[in-house]
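Comments concern the structure below.
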Amino acid sequence: MKNLIVFIIAIFIANTSIAQTIEVCKTCPVSTLKDAITQAKELDTIIIKKGTYKEHSIFIDKSLTIIGENYPVIDGEKKGEIITIKADNVTVDGLFIINVGNSYTEDYAAIRVKNSKNFVIQNLVLEKLFFGIYIEKSTDGKVYHNKIIGDAVEEYNSGNGIQLWYSKNVEIELNYVEHVRDGIYLEFSDDCLIKNNISTLNVRYGLHFMFSNDDIYQDNTFENNGAGVAVMFSKRIKMYNNLFKENWGTASYGMLLKEINDAEIIGNTFENNTIGINIEGSNRITYKHNSFSNNGWAIKVKGACYANTFTENNFLYNSFDIAYNSNVNDNVFDKNYWSSYTGYDLDKNGIGDIPYRPVKLFSYIVNRTPETIILLRSMFIDIIDFSEKVSPVFTPDDLLDNNPQIKKLTW
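The sequence shown maps to residues -19 to -1, 1 to 392 in mature numbering (1 follows the signal peptide of the UniProt record, and there is no 0).
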């Protein structure tokens, strides 16, 4: 046993003595990142001193730690992709990367991680980019505290800020993304955590899921994007404590759900969006402790949505709380607070004595004839809404909140 311990210690000392640090600067023996990578051995550290390094097509094919001091600039001169990682256990930290090449056939990125494990991409500043950080067929990594600023104007000739494709178990945390196509995009990427990011001023979506399961996104801000978040064709997504704000436009919303099943939407705030949540073909979703305030529509249900529960949410001063395009309902609304509820509470138990009917006839009419929105504040609308409440014909007669809360809910 003693000999085994001595052998292990010897191996450890040998490995630590082999690992070295290589400095890169204009006056150093090694003056480019490419040369440093060529000379480096497994587990070495490369320190890049402050300065501007005009390099692109940089391939990291061994386990390295690359650290920038005072944010050295890696300028790709718009000649293509800048850094590509094709090894496990790589860390890239503290670089300022600019001028990614544009292409209609290649998704050039400032930094790409490909077929790798245990990577860390952190403290980067990326500007003048096509795609920012592109994670491809990689697992067990972290994208942390990066600032990504694009100059996208239209969808067709712009890329995404952070993109995951066929990747798994990736943490995306404390990033700031603006002016790209989609701030954060996941496709065929499971078991990922997206937390404490700010995604704003993006052309299409702040966050976009496609065919991705068992992901969590929480404590993020999605503000003033073409639309806040789109979650499509995915299962078991958990959406907690996010802010969806100022996502305005003729086809805009805080969140789009399309073909989503068995999800949780809890503790989120939807404020000043054209539509808070736009739902289509989504089932068995729990909506709880969310706040919908000053939206055009708080929730718009377009059909094929079953076995969903909306409980203990606040609906505050929205033009329309719920829009439904069917007179059949299979969803539960219970114990929510509705600012437009005009019932009473004679027994003082905090619950309205008469049920609340959140779907107004006028919202049904606007759904079919959008031009009628100009009548929104007229007395005529009050009359038709009252008549529908007395004798429902067009709206679901069983879509009721039987326990409307008298006071705004707090959690």
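Even glycine gets a Cβ: it sits at the ideal position worked out from N, Cα and C.
According to DSSP, simplified to helix, strand and coil, what is residue i?
i	result
A288	coil
T26	strand
D171	strand
Q199	strand
K329	coil
F(-8)	With a pLDDT of 49 at F(-8), under the threshold of 50, the modelled position of this residue cannot be trusted, and the question is left open.
Q1	coil
F361	No answer about F361 holds up, because its pLDDT of 49 lies below 50 and its placement is not dependable.
L105	coil
A208	strand
L390	coil
residue 394	Given a span of -19 to 392 for the chain in the structure shown, any question on residue 394 remains unanswerable.
T8	coil
K31	coil
A17	helix
T250	strand
W278	strand
P385	coil
I63	coil
N118	Contrary to the premise, residue 118 reads as Lys rather than Asn in this sequence. Of the three classes helix, strand and coil, the one that applies to K118 here is coil, per DSSP.
T255	coil
Tell me which residues share the same chain as residue i and place their Cβ nearer than 6 Å to its Cβ, disregarding the 5 neighbours each side in the sequence.
i	result
T292	K269, D315, K316
K43	E23, A68
L105	L76, N127
V158	I129, G142, G164, S180
I335	G324
G209	G187, F203, F225, N228, G235, M236
I332	N384
H189	D163, Y166, A211
E117	K95, W146
D74	I48, Q103, N104
D172	K149, N150, D195
F40	T65
K7	G32
residue 399	An answer regarding residue 399 cannot be provided, because it is not within the stretch -19 to 392 covered by the chain.
Q1	D25
Under the rule that 16 or more other beta-carbon atoms within 10 Å means buried, what is residue i, buried or exposed?
i	result
L381	buried
E62	buried
G284	exposed
W392	exposed
N178	buried
Y137	exposed
T19	exposed
N78	The displayed chain sequence assigns Ile, not Asn, to residue 78. Label assigned to I78: buried.
L110	buried
A(-6)	Any reading at A(-6) must be qualified, since the residue scores a pLDDT of 49, below 50, and its modelled position is unreliable; the value itself is stated next. The residue is exposed, with fewer than 16 neighbouring Cβ atoms inside 10 Å.
D328	exposed
A90	buried
Y305	buried
V71	buried
residue 395	Since the displayed the chain opens at -19 and closes at 392, residue 395 lies outside it and no answer follows.
V161	buried
Y322	buried
A17	buried
Y85	exposed
Do residue i and residue j have their C-beta atoms within less than 9 Å of each other?
i	j	result
L14	T46	no
residue 469	A279	Because the chain is modelled from -19 through 392, residue 469 falls outside the range shown and cannot be assessed.
E252	S272	yes
I260	L238	yes
N299	N276	yes
P10	K30	no
R93	Y125	no
L167	N206	no
Y34	I66	no
G113	Q144	yes
I247	S263	no
D200	R217	no
M220	Y198	yes
Might you give, ordered along the chain, the residues of its own chain that have their beta carbon closer than 8 Å to the beta carbon of residue i, omitting 5 neighbours on each side?
i	result
H37	G57, E58, K60, G61, E62, I63, G82
N312	V282, C286, Y287, A288, N289, T290, F291, L380
G230	G207, A208, T255
What residues in its chain sit with their C-beta under 7 Å from that of residue i, if we drop five residues either side in the sequence?
i	result
L390	E293, N295, Y318
T120	K98, S148, K149, N150
A21	I3, I27, K43, L45
F192	E168, F169, F214, S215
Q386	K316, N317, Y318, G331, I332
E108	I79, I130
Within 9 Å of any Cβ in chain C, is that where the Cβ of residue i sits?
i	result
D69	Structure shown: chain C not included; a single protein chain is present.
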